[in-house]
Structure formats: C-alpha cells, structure tokens
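Colleague: I have a structure I would like to understand better, so I am pasting it below and will then ask my questions one at a time.
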Amino acid sequence: MKMILEPFGTTKDGKKVERFWLTDNKCKVGVLTLGGIIQSLYVPDRDGTMTDVVLGFDSVQAYENQTCYIGALLGRCANRIVGNEVVIGQEKIHLKCNDNGVCHLHGGITGFDRKLWKASVTEKGLTLSYSSKDGEEGYPGNLQVSVTYSLEGGALSLTYHAVSDKDTICNLSNHVYFNLAGHGSGSVGEQKMQIFAKEYTPLGEAGAPDGRIEPVEGTPLDLNELTAFEERWDDNFSQIRQARGYDHNYLIDGNGMRPFARAVCEKNGISLLVDSDMPAMQLYTGNYLEKLPAGKEKAAYGIRSGFCVETQYPPNAVNCPTFQKPVLLAGQQYESTTVYRFTIKEKGDRR
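Read left to right, the sequence shown gives residues 100 to 450 (this note's numbering).
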C-alpha cells in the first residue's frame, strides 16, 4: 500500500483539510481529515476501466453545506436514538434531538462527521484520531477515538478503536454512499443487493426501531437472494412506504467477523462484498438525497443515486431492552472492523 498526502482546502473557520490517497495494486481511495470522509474510491470494472464508486464533493465548502453525511464517520452514536433522555447505568444523560426534533441522529448537531481528525501514518495504514471531550453533544466521558484505513488486494478495511474514562455510548460507523456504476451515473435502482439476515427491526412511529424483531421472509425486506433495488423499493408495504424505500436495520446472521452484504452492478461487473464483526447493518438507498451541492466532476446527485451499508449496533438500542446495547464502560476497549472488498462479476455468471 502506498500513500500520498495533499492539501484539500480549508474550513469556513480557516482550518486546513488534507486528503490522503491510499493505493494498492488494484484500487485507489481518497480519505479526508475532515470527518474521516471517504471522498473517492476508484476500482476497476470488468474491462479494467477505473471507476469512482462513491458519492463525494471536490471542495470542503460543499461538504460543509450538505447534511447527508456523505462519506463520513459517524459518532459517538451512529443512527437514531428516540427522544433526548437516555439512561446509562444509574445516570440520565440528555442529547440533542437534531432529527425533526424527535430523534438524536448520528451523534448530534456537530457529530464526528464535522470534526477535523488528526492523521498519522503507521505500518497498518492511515490512522485518524479524535478526542471527544466529556459532555460533547451530551455524552459523558472523555472518549479517545481512532479509525485506521487500510487498502490491500482490492479491500478497504476500517478498524475502529475507542476508550472512555466514563461509562458512555459508543457506536461507530461510516456513511459512505456507493454507486457501483460510477458516482455520477444516477439511480442505483438496477444494482442488486444481497443481505445475509433473516431478521430486521421494524421502524416505529418516530422513524427508528421500537424494539420489535421480525422475520424478513415474505416482505420486500427479504434480500437473502441478489435482488435489484428497484424491484421492491416502491412496494405497497408499510415499512417501505414509511421510509420512502429501504432505510432499515438488519440483524446479520451469525457472530464475529462474517459476511454482511453483497452488491453487484451487472453493467460493469463491479461487485462489493461487506464483512464486519458488528451485530447489525443499516441499508439506506438515498431516499432523501435532495438539494445537494454539485458532486465531483459537477455530477448531480439526487434521490436514490447511492446506497449505504452502515455496520453498527441496532438503532435506538439504548431504548430497546431486546437489542444489544452500544454501552462502552469506563476503561473498556471498543474495537470493530468493517471490510469493503471489490471483485468482478463476469458476464453470464448467475451467482
């Protein structure tokens, strides 16, 4: 793996943002110190043409002017928590409801996606670090966080690490939007998805899971076989209607490091395999990608022009007794890895 550092611009308050290019013998990824953003990800298609498969922007200002978490790290708690009061042990903590005044979303008003991270180069890859102070966005404890990006053999690995001096909530993920046909190619409707999960957590009235766990069988949420997004994302099914498409959390089969999902673009053969050791994954098909700045190369990003596969603890887990909770005890080590692996699906291959 080779690495190149270059300036990317400055924030509205004058802080410098850098971009690191990581390359192996197959792929190339650009990572920003702003929000740990995966800004570009070039992979070869069936004909060897390098294709940028993630949505992103060419300027710091564009990232600051969007609110869709494009490509960014999420924390302290990815996804939604219903309400603004959470109990950790015997302590009540108060969070900001930055999602329509109903939910705390992706870490609050100024989450990890908006922070400037400190970069260091190690033998393992690029490590970005951030110190989240006690009380930031309402969370208790001084939390030391690092994320290591490593690229090898067509696989991009993100390894998360955190430790706190108080009991706190910690649920780290990344909100990269994939479009395997190319970032500016429009709708991902024809692209196919497979998720290795027999169960999901239905959305309640607040737009977050309410504690129920139900089988995917017999619903449009059943993606155990490769299925084009457009086949079911407009079905007359209450969960699909509520989310305007796919925006649901799956409880992934098995434990430990294992396959989570597979996505394929039949047109160019690019296939994405996602492995992780987290308990769950949110599939989101960009149902609210609206009023965005011009994307890379002046691309116009609109509704359903990208999909996210966010590995994480179940959303709203702190309020749902049946869910595995993202509570990090004081002095305990938080560690997790997610791998995005790219391969080629040849024409005629029906797998």
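The C-beta atom is built at its ideal place from N, Cα and C for all residues, glycine as well.
Nothing here was measured: the structure is a model prediction, and the numbers come from that model.
To test your reading of the DSSP string, which unbroken beta strand (DSSP E) runs of 3 or more residues are found completely within the region 252–298?
Modeller: 254–263 and 291–294
Colleague: Taking Cβ positions, are Val411 and Ala379 nearer each other than 8 angstroms?
Modeller: Mapped onto the sequence shown, residue 411 falls at position 312. Mapped onto the sequence shown, residue 379 falls at position 280. The question names Val, but residue 411 is Gln in the sequence shown. Result yes, Cβ atoms of Gln411 and Ala379 sit closer than 8 angstroms.
Colleague: What does DSSP give as the partner residues of Thr109 in its beta bridges?
Modeller: Here the question's residue 109 lines up with position 10 in the sequence shown. Beta-bridge pairing links Thr109 to Lys115.
Colleague: Our contact map puts Cys417 next to Val201 with C-beta atoms below 8 angstroms; I'd like the distance itself, whole angstroms only.
Modeller: As a first step, residue 417 is located in the sequence shown; it is residue number 318 there, counting from the start. As a first step, residue 201 is located in the sequence shown; it is residue number 102 there, counting from the start. Cys is not the amino acid found at residue 417; the sequence shown has Val there. With a contact defined as Cβ atoms closer than 8 angstroms, Val417 and Val201 miss out at about 15 angstroms.
Colleague: Is the beta carbon of Gly94 less than 8 angstroms from the beta carbon of Gly134?
Modeller: Residue 94 falls outside the range modelled here, since the chain spans only 100 to 450, and no answer is possible.
Colleague: With DSSP run on the structure shown, which of helix, strand or coil describes Ser158?
Modeller: Taking the first residue of the sequence shown as position 1, residue 158 is located at position 59. It is coil, neither helix nor strand.
Colleague: Report the three-state DSSP secondary structure of Ser337 (helix, strand or coil).
Modeller: Your numbering for residue 337 matches position 238 in the sequence shown. Three-state result, Ser337: helix.
Colleague: Report back the beta-carbon spacing between Leu242 and Cys269 to the nearest angstrom; my notes put them in contact at under 8 angstroms.
Modeller: Looking up residue 242 in the sequence shown gives position 143. Looking up residue 269 in the sequence shown gives position 170. About 7 angstroms; that satisfies the 8 angstroms criterion.
Colleague: Buried or exposed: Leu104, going by 16 or more other Cβ atoms within 10 Å of its Cβ?
Modeller: Taking the sequence shown and counting its residues from 1, one reaches residue 104 at position 5. Exposed is the call here.
Colleague: Considering Cα atoms alone, identify which of Arg331, Thr110, Gly113 and Ile137 is closest to Leu482.
Modeller: Limits of the chain in this structure are 100 at one end and 450 at the other, which puts residue 482 out of reach.
Colleague: Please state if the CB of Arg343 and the CB of Asn386 are separated by a distance shorter than 8 angstroms.
Modeller: Position 287 of the sequence shown, counted from the first residue, corresponds to residue 386. Position 244 of the sequence shown, counted from the first residue, corresponds to residue 343. Cβ distance < 8 angstroms, so Asn386 and Arg343 count as in contact.
Colleague: Among Gln293, Lys111 and Tyr168, whose alpha-carbon lies nearest the alpha-carbon of Gly155?
Modeller: Residue mapping note: residue 155 aligns to position 56 of the sequence shown, counting from 1. Taking only the C-alpha atoms, the option nearest Gly155 is Tyr168.
Colleague: For the region 118–192, list the alpha helix (DSSP H) runs that are entirely contained and at least 4 residues long, ordered along the chain.
Modeller: 159–163
Colleague: Kindly give me the distance between the Cβ atoms of Tyr349 and Ile294, rounded to whole angstroms, as I take these residues to be in contact under 8 angstroms.
Modeller: Taking the first residue of the sequence shown as 1, we reach residue 349 at position 250. Taking the first residue of the sequence shown as 1, we reach residue 294 at position 195. Indeed, because the Cβ distance is near 5 angstroms, the residues count as touching under 8 angstroms.
Colleague: Return yes when at least one heavy atom of the ligand GTP lies under 7 angstroms from the C-beta of Ile180, else no.
Modeller: Among the components modelled here there is no ligand, and therefore nothing to report on the ligand GTP.
Colleague: Counting only the same chain and skipping the five closest in sequence on each side, list residues whose C-beta sits under 7 angstroms from that of Gly355.
Modeller: By 1-based counting over the sequence shown, the position of residue 355 is 256. The beta carbon of Gly355 is closer than 7 angstroms to those of Asp376 in its chain, skipping five residues each way along the sequence.
Colleague: Could you give the residue range of the beta strand (DSSP E) that holds Glu434?
Modeller: On the sequence shown, position 335 is the one that residue 434 refers to. Its beta strand (DSSP E) spans residues Tyr433 to Ile443.
Colleague: Under the DSSP definition of a beta bridge, which residues are partnered with Thr326?
Modeller: Taking the sequence shown and counting its residues from 1, the one referred to as residue 326 is at position 227. Thr326 is bridged to Met292.
Colleague: Check each candidate in Lys125, Phe406 and Gly188 and name the one with the smallest Cα separation from Phe277.
Modeller: Walking along the sequence shown from the start, residue 277 turns up at place 178. Measuring from the Cα of Phe277, the nearest candidate turns out to be Phe406.
Colleague: Would you mind working out which of Gly170, Ala218 and Val438 sits nearest Pro106, comparing C-alpha positions?
Modeller: One-based indexing of the sequence shown puts residue 106 at position 7. Ranking Gly170, Ala218 and Val438 by Cα distance to Pro106 puts Ala218 first.
Colleague: For Asp144, collect the residues of the same chain with a Cβ closer than 7 angstroms to its Cβ; drop the 5 residues on either side in sequence, then sort them by chain order.
Modeller: For the purposes of this step, residue 144 is taken as residue 45 along the sequence shown, with counting starting at 1. These residues qualify, in order along the chain: Thr150, Asn367, Gly368 and Ile369.
Colleague: Exposed or buried, which one is Pro314 when buried takes at least 16 other CB atoms within 10 Å?
Modeller: Counted from its first residue, the sequence shown places residue 314 at position 215. So Pro314 counts as exposed.
Colleague: Nearest to Gln431 by alpha carbon, out of Lys297, Asp266 and Asn178?
Modeller: Here residue 431 corresponds to residue number 332 of the sequence shown, with the count starting at 1. The residue with the shortest Cα to Cα distance from Gln431 is Asp266.
Colleague: Is it true that the region 295–303 meets the region 386–396, where meeting means three or more beta-carbon pairs spaced less than 8 angstroms apart?
Modeller: no
Colleague: Straight-line CA distance for Lys223 to Lys127?
Modeller: Residue mapping note: residue 223 aligns to position 124 of the sequence shown, counting from 1. Residue mapping note: residue 127 aligns to position 28 of the sequence shown, counting from 1. Here the alpha carbons of Lys127 and Lys223 stand approximately 16 angstroms from one another.
Colleague: In terms of residues, what are the limits of the beta strand (DSSP E) holding Ser231?
Modeller: Looking up residue 231 in the sequence shown gives position 132. First-last of the beta strand (DSSP E) with Ser231: Leu225 to Ser231.
Colleague: What's the C-alpha gap between Pro308 and Pro414?
Modeller: On the sequence shown, residue 308 is found 209 positions in, with the first residue counted as 1. On the sequence shown, residue 414 is found 315 positions in, with the first residue counted as 1. Each residue's Cα considered, the two are about 6 angstroms apart.
Colleague: Using a C-beta cutoff of 8 angstroms, does Gly234 count as contacting chain E?
Modeller: Considering every chain present, this structure includes no chain E. It has just one protein chain.
Colleague: Using the Cβ count rule (16 or more neighbours within 10 Å means buried), how would you classify Lys444?
Modeller: Mapped onto the sequence shown, residue 444 falls at position 345. Buried is the call here.
Colleague: If we ignore side chains and look at the alpha-carbon of each, how far apart do Lys111 and Gly147 end up?
Modeller: Along the sequence shown, read from residue 1 onward, the residue named residue 111 stands at position 12. Along the sequence shown, read from residue 1 onward, the residue named residue 147 stands at position 48. Roughly 39 angstroms between the two C-alpha positions.
Colleague: Check whether the region 188–197 touches the region 316–333, taking contact to mean three or more Cβ pairs, one atom from each stretch, closer than 8 angstroms.
Modeller: no
Colleague: Any idea what DSSP makes of Pro199, helix, strand or coil?
Modeller: Taking the first residue of the sequence shown as position 1, residue 199 is located at position 100. Here the sequence assigns Asn to residue 199, which means Pro is not the residue at that position. Coil at Asn199, not helix or strand.
Colleague: Within 10 angstroms of its Cβ, does Thr221 collect 16 or more other Cβ (buried), or is it exposed?
Modeller: As a working note, residue 221 is residue 122 in the sequence shown. When all chains shown are included, Thr221 counts as exposed.
Colleague: Just grab the DSSP bridge partners of Cys419 for me.
Modeller: For the purposes of this step, residue 419 is taken as residue 320 along the sequence shown, with counting starting at 1. BP columns for Cys419 are empty, so no partner.
Colleague: Please report the straight-line C-alpha distance between Leu204 and Asn183, rounded to a whole angstrom.
Modeller: Translated into the one-based positions of the sequence shown, residue 204 becomes position 105. Translated into the one-based positions of the sequence shown, residue 183 becomes position 84. Each residue's alpha carbon lies about 11 angstroms from the other.
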